[in-house]
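Colleague: Questions regarding the structure given below will be posed in turn.
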Amino acid sequence: APLPEPRPHDRHRARSRRHALARGIATGLAAMLGAIWFLQGIGVVPGSFMSGDPLWAVLGAALVGLAALATREARRPRR
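Each residue of the sequence shown is one higher than the one before, starting from 91 at the first, in the numbering used here.
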């Protein structure tokens with residue numbers, strides 16, 4: 091016998107979980123990239139045109155901050 095068609099609510103829940111996972115991966119990668127930029131900007135990570143350039147420290151810190159805000163916003167309960 092054919093499998094029953096999933097209910098719309100179940101499909102929505104599965105889609106929401108996939109979306110949350112993708113968002114979590116994206117914000118985690120953004121935070122790591124921001125941390126690397128920050129460390130290069132302050133000269134801790136050498137070997138790049140970004141090393142020792144304060145602009146990259148500022149951009150990296152901003153990216154880490156945005157990733158943190160996105161994570162906090164995603165965890166906020168919906169009304």
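Ideal placement from N, C-alpha and C gives every residue a C-beta, glycine not left out.
1) Grab me the residues of Arg168's own chain with a C-beta within less than 8 Å of its C-beta, minus the 5 sequence neighbours each way, in chain order.
2) Take Gly142 as the anchor and find which of Leu149, Ile115 and Gly133 has the nearest alpha-carbon.
3) Suppose you measure from the CA of Phe139 to the CA of His109; what does that come to, to the nearest Å?
4) Taking only runs that begin and end inside the stretch 129-168, name each unbroken alpha helix (DSSP H) of 4 or more residues, in chain order.
5) Counting only the same chain and skipping the five closest in sequence on each side, list residues whose C-beta sits under 6 Å from that of Gly124.
Modeller: The structure says:
1) There are no such residues.
2) Gly133 is the residue among Leu149, Ile115 and Gly133 whose C-alpha sits nearest the C-alpha of Gly142.
3) Counting only the Cα atoms, His109 lies some 35 Å from Phe139.
4) Here the runs fully enclosed are 144-165.
5) Result list for Gly124: Gly150, Leu153 and Val154, in chain order.
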